[in-house]
Structure formats: C-alpha cells, structure tokens
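For reference, the structure is listed below as structure tokens.
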Amino acid sequence: METKKIRIPLFFGMHAEPGQLLSICAGALPFIILIAGYLYLSHERNLSNPDEKLMPTPAKIVTAFNQVAFKADVKTGDTIFWHDTGVSLRRLGYAAIISSVLALWFGMNLALFKGMNALCMPLLRFSSLVPPPILLPVLFLTVGVEEASKVVIIVISIAPAMTLAVYGTVSKMAGEQITRSFTLGATQLDVIYRILLPQVLPRLIEILRTSLGMAWYSLILAEAIAASSGIGYRIYLVRRFTQMDVIIPYALWVVVLGYAMNYILGLILDKCYPWYSKQKEN
Amino acid sequence: METIALPGIHTPNQLYIENLYRRFPDPKTGLPQTVLENVDLRVNPGEFVSIIGPSGCGKSTLLRICLGADLGYEGNVIINGKPVQFPDSTRGLVPQKYGVYPHLTVLKNVLIGLELKYPIWYRMTHKKELRAQAMEYLNDVQLAEHADKYPYQLSGGQQQRVSIAQTLVTGPGMVFMDEPFGALDQSTRERVQVFMLQLWEKHKMTVFFVTHDIGEAVYLGTRLILLSQYYVDDRGDVDEKGNPLRRGAKIITDIPLTGTALPTKVKGEKSFIEIVRSIAEGPGFKPDHREHVRDFNLAHSNSFQTLTALEDKTGNGNGRLKKMEEQMIRGG
Ligand SMILES: Nc1ncnc2c1ncn2[C@@H]1O[C@H](COP(=O)(O)OP(=O)(O)OP(=O)(O)O)[C@@H](O)[C@H]1O
Ligand SMILES: [Mg+2]
C-alpha cells in the first residue's frame, strides 16, 4: 500500500519549517515595509514643505552625511564623523577591556575562595542593583567630565553583571571538576590556570558579547550629558537643530558597529574555542 | 568514641573506616537524615572491592568521603595511615558523570594526567614518551582513532572511556570508580573490563568499583560489598518521637570472591551464575527482604562490625572488632 507522509506546514503553527529562502524573505519583509513607508512619507512631506526636517529624503541624508563624513571641520581639521567614531570606540574599547579583566578576576575569585566571596559578594550584589544613570552626576562631580568618567560609567554599568555571570559559570564548574583535577595531581594553580581559565575565557567572550548593548547605552548616555565629541554627543547636539539627516546615518552607523563587534567576537569564539558552542548542544 | 590502635593500618593504599556516619539535612524538615550509618570497613592494599547496593543507598557518598571531597562525615576514615586528606593524586577517581575536560581533545585529556604529575622540565624532555604512553592507554580503551576529537564529538560511552584512561594513566595507588562502565554496550564493556583487570594484575592498586551489575561485580572483584539501608536491628521500627525509623545504609554483605582475573567465558559457568543469583535474591535489594544486623554475611577476613548498644541489645555482636580481634590473636 502506498502511504503518504504528512505535510509539514511552511509558516504557520508550531510544526512549521520555513525553508531558507522563505526565512530570508520573511525576515526582510518588515525592513522593506519600514523603508517603503519612510520613503513614501518623506516624499509626501517634502512635496508640501521643501524645508522638511523631520523626515529628510535620502538625497538630503546623503548630502548631510557627506558633509560630516568627508569634509574636514574648519576648526579642528578632523572629519567629524570619523573623529566621533574613533572617540566613541576608544571609550568603548577601554571599558570592555577593563570590565572583562575585572569580571574575570573577581568572578573567579568569588567562585573559588569562600573568604573572598564573604568579603565582596554583598557589595557586588548591591552595586549591580544601582542603576548606572543615578551614578552619572556623582561621577561627574568626583571624577570630573574628562575621558575617564565616560569609561568609568560604562564599566560600572556592565562589570557587576559580567562578574556575576563569570561567578555563576565557575561555580557550576567547580565542585566535581576540581575534585577530579586534584586526583589527577593538579596543584591549586594548575586548577585555576590549566583547567578553569581555558574554560572560562570563551564564556567571558560570550558574556562580553551580551553586555555590548548595555555598554553602548551607557556610552551614548554619558556622551549626551557631558562630552565634547563622540557619537552620543553628536546626536544630541544636532538634535537641537532638528538635523534628522545627521541623526539617521549616525543611528544606522551605531547598528553597523554593534553588528560588527558581535560578529568579530563570534568569529574569535569559533576560531579559538571550537569546542565551546558545540558542547552546550549535548 | 575511643579508638583502638590497630596493627597494620599505616600501610600505603590501605583504607580503614570505623563508625562512619554521614547525615544530610532533609530538604523538607531540615532534620538530619542518616545516609551512612555506623559503617566499618577495612581494605588492604591490592584488593579489588566491588561495591553494589540499591540506588540512593550512599555508594557515591562513601566514595566522596574516601576521596576527601566530603568532609562532613563523623567517625574515623584513615587512608595511607592518616585521617583522610584533601583529594590528591594518591587516590584516582572515575566519576559517575562529567569525567572529561570539554576544552581538551581526547589525547590531551589523557595527557593532562601525566602532565600534571611530572614537573615541567621532565615534560619538556620526555614529550614523546608521555605522548606514547597516553596513546597506549587510548588504544587499550579502543579510542586511538578518536585522539584528536573533542569530547563533544564523542558518545557518552566513549567519553566515559576517556575518563577511565585519564585516571588510570596517572597510576594511582587507589582508584575509586563510580559505575564506570554503565554507559557501555556489552562487547565494549567486556573489553574494558579485561583492560581494567590487566592493569590491576600489573599494578595491584587498590580498587573500589561501584556497579549496578552484580555479574560484573562478581567477575571483577576479589571482594564483594553490598551496601544497603534495608536491614533490621534492635532499635525497632520507630524513633523516639514515634516516627518511622529511617536507617542509613550499612555494609550488610562482605564476602571474598575468587580473586583472580577469570577469562570471560567463566561467566557462563554454573558456580558463577549461582553466586550472582544468590546475591541478587538475597537480602538488601528489596525493602521487604531484610536481615538482622547480627546475621549479616561478613565472611571476608578483613571484615568487621562495631555495633552500638542500641543496634544490638544482646551485646553478642558488640564484641567490637569481633573478627579483627580473632585475627589479631591468630596472627599474633
Ligand atoms: N549533598 C547532599 N545533600 C543532601 N542529600 C544528599 C547529598 N548527597 C547525597 N544525598 C543523599 O544521599 C543518598 C545517597 O546518595 P548517593 O549519591 O551516594 O547514592 P548512590 O548509592 O550513589 O546511588 P546511585 O546508585 O543511584 O548512584 C541519597 O538519598 C541522596 O539523596
Ligand atoms: Mg552514585
């Protein structure tokens, strides 16, 4: 007897399995609708008012972008766009490195040494609950409005959560695996540097990856409030002159940068720690 | 509790346990709940001790205590002549699960045991030998062709074999194995059993081997220990408050086995089948098949039992170290 296999639905329901092509098309659809809607509206508004600022046409955006990205500023000699990008990325980079080192060091110590845990854990739990924006004025009053304060605010907003995440990872690994390592003749230093650290590093990269969103958020906030350059500063500055044609490319640019960072970290993870993402699957 | 100075308990790779209790707080009431109750055990160097018992009776707990990974016990646990120390390379472990390092390849997983053992200058000058030795062990557990894979690329049974090789390659004087062959199919299991016996013949380390397979226990061991909470004693069935008494596990059977590595075919022999059957149908495995503490089958010559006055009101079994004393008199 000929039997027919049941049909798997393409899109609707929990059994659905959209193919690759359909997935790409479906994913692109909301973007297309958004862009089309924007183009239509900006076109309409520009027809009725040639000075339209809220929804500039693509042509206006390109012109404005050219202005900031490729023309040197008269005063400083820098091109504004690249200068802003460099400044912001530098702040972000310093903060990411400092936070990672802090999270790694404190996270492992807290998980491995009970005394350390008793000493630092309450403070860590406390500080992870303080919303970073509250600390902004305090920081500007104490550290000042120089570069350091912007890096510090990012570190404050991501390091506690990163530390707790590292702590959780190491705590879970500890116990059985440490006992086993000792029975294989490992010293305490061996356990930390040969057994645990190589397993924590990829996890740290993953934690950093998920913290990047928060890092950007704090960066933009700090720059908006007290800075004289940087992406956040620029967006908030031009907002006063309703320069949507500058804000839009900056916003898109932040998305591109965020995506690129995420991608690079993912690449490092796959290349240097091939076992990492796979092992969680089984 | 007074202790008696016993002859010969300072030998390396010897284990001496007396009046061992382990209690955990009950998750609901918070009251201590006894898991191991007044356990006594003496194991001489080179014995291959098979440990069986119903699930949850405390076999893994006993191993953890012997390893020094669980210091919450009461009583005496003496290993290598000292109260049990923190885990170290004198006592190897093949855990029930999570044996291998996920960040190392199979070969590196086995090599790391050797690398941790030797100082760096030795490692640098003997790279080839160490590697060859690791490969030899991998070969013995049938994993040589998987040497460059990561653990996530292996099946559960293959990972378990890596874990076995990793521990045994370091050559510990005592090995604690917690259901090491549980995940293996019959033919692989038999090959690894033979490998295990060959190693034991060669190095005569002291082995503690937990298994759920009575046939395997009888086949491998020189001594069989049955740990179980299903027994009766003179305390009756209720505690002071009238609640049903929950006893912790004791060694209720401790018998010698043939003691030499038998060829696999012996498993089919009548006497072998007979032993396995009598153990499986004997007391300790089913809650309703219980024996009195005075009637335990403790035929092994190293076996002894120290009962409290509550457990044994007649005092007959309470000739502390009943067998040991006899032995001391006999042996001088
Ligand atoms: N850390 C702990 N806290 C509380 N109870 C525990 C703890 N560890 C073990 N137990 C209890 O002790 C008992 C014995 O556990 P154990 O793991 O030693 O059993 P087992 O004999 O190895 O069982 P299995 O054959 O299933 O592996 C169980 O009832 C368990 O609930
Ligand atoms: Mg167990």
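Chains as they are written, first to last, in our numbering: chain A, 217 to 498; chain B, 12 to 343.
Cβ atoms here follow ideal geometry from the backbone N, Cα and C, with glycine treated the same way.
Would residue i and residue j qualify as a contact pair, given that the criterion is a beta-carbon distance under 7 Å?
i, j, result
"P162(B)", "I175(B)", "no"
"I236(B)", "I62(B)", "yes"
"F187(B)", "L118(B)", "no"
"T379(A)", "F322(A)", "yes"
"Q96(B)", "N55(B)", "no"
"F356(A)", "A443(A)", "no"
"L78(B)", "L104(B)", "yes"
"T317(B)", "D81(B)", "no"
"Y230(B)", "E302(B)", "no"
"V121(B)", "L149(B)", "yes"
"T395(A)", "P98(B)", "yes"
"E29(B)", "N87(B)", "yes"
"I369(A)", "S434(A)", "yes"
"V284(A)", "F297(A)", "yes"
"F281(A)", "P414(A)", "no"
"D189(B)", "P106(B)", "yes"
"R450(A)", "D294(A)", "no"
"P348(A)", "I313(A)", "no"
"K128(B)", "T181(B)", "yes"
"I423(A)", "L481(A)", "no"
"V152(B)", "R172(B)", "yes"
"C68(B)", "S198(B)", "no"
"V111(B)", "Q170(B)", "yes"
"V303(A)", "G446(A)", "yes"
"P65(B)", "F296(B)", "yes"
"R257(B)", "L321(B)", "no"
Whose Cβ in chain B lies nearer than 7 Å to the Cβ of residue i?
i, result
"I411(A)", "Y112"
"D406(A)", "L127"
"K494(A)", "Y163"
Starting from the beta carbon of residue i, find every residue of chain A whose beta carbon is closer than 7 Å, and list them in chain order.
i, result
"D189(B)", "Those do not exist, as D189(B) stays about 11 Å from chain A at its closest Cβ, beyond 7 Å."
"A294(B)", "Sequence inspection shows Pro at residue 294(B); the Ala mentioned does not correspond to that position. Within 7 Å Cβ-Cβ: nothing; P294(B) doesn't reach chain A, min ~33 Å."
"A80(B)", "T395"
"P106(B)", "E392 and R396"
Taking DSSP as the reference, what is the three-state secondary structure of residue i?
i, result
"T14(B)", "Any reading at T14(B) is ruled out, since the residue's pLDDT is 45, under 50, leaving its predicted position unreliable."
"N87(B)", "strand"
"N150(B)", "helix"
"M271(A)", "coil"
"N498(A)", "Here the model assigns N498(A) a pLDDT of 46, short of 50, so the residue's position is not dependable and the matter cannot be decided."
"Q415(A)", "helix"
"A390(A)", "coil"
"I480(A)", "helix"
"I451(A)", "helix"
"I372(A)", "helix"
"E292(B)", "helix"
"M378(A)", "helix"
"P465(A)", "helix"
"F286(A)", "helix"
"G343(B)", "Legend: pLDDT at G343(B) = 36, less than 50; position of this residue unreliable, value from coordinates given subsequently. It is coil, neither helix nor strand."
Mind listing the chain A neighbours of residue i? Cutoff is C-beta to C-beta under 9 Å, in chain order.
i, result
"Y109(B)", "E392, Q393 and R396"
"D159(B)", "Within chain A, no residue comes near D159(B); the closest Cβ sits about 12 Å away, beyond 9 Å."
Go through its chain and collect everything with a Cβ distance to residue i's Cβ below 6 Å, but skip five positions before and after it.
i, result
"T45(B)", "R34 and G259"
"G167(B)", "A194"
"K366(A)", "R307 and A438"
In chain order, what residues of the same chain have a beta carbon less than 8 Å from the beta carbon of residue i, not counting five sequence neighbours either side?
i, result
"Q338(B)", "Note that Q338(B) has pLDDT 49, beneath the 50 cutoff, so the model's placement of it is unreliable and no number is given."
"A507(A)", "Given that chain A is displayed from residue 217 to residue 498, the structure contains no residue 507(A) and the question cannot be resolved."
"I225(B)", "I63, V287, I290 and A291"
"T458(A)", "K269 and L270"
"K388(A)", "none"
Anything in chain C within Cβ reach of residue i, meaning under 8 Å, just list it in chain order.
i, result
"L400(A)", "The displayed structure is made up of protein chains A and B, and chain C is not among them."
Anything in chain A within Cβ reach of residue i, meaning under 8 Å, just list it in chain order.
i, result
"F97(B)", "F398"
Could you work out which residues of chain B lie near residue i, taking near to mean beta carbons separated by less than 9 Å?
i, result
"W491(A)", "P113, H114, L115, T116, Y161, P162, Y163 and Q164"
"P414(A)", "Y112, H114 and L115"
Spatial neighbours of residue i within its chain, please: C-beta separation below 7 Å, excluding the five flanking residues on both sides.
i, result
"G184(B)", "P23, N24, T101, M216 and T217"
"P376(A)", "L340, S343 and S344"
"D461(A)", "P272, K276, I277 and A280"
"V503(A)", "Residue 503(A) lies beyond the range of chain A shown here (217 to 498); nothing can be said about it."
Residues surrounding ligand 1 [beta-carbon distance to nearest heavy atom under 5 Å]: F35(B), V46(B), S66(B), G67(B), C68(B), G69(B), K70(B), S71(B) and T72(B)
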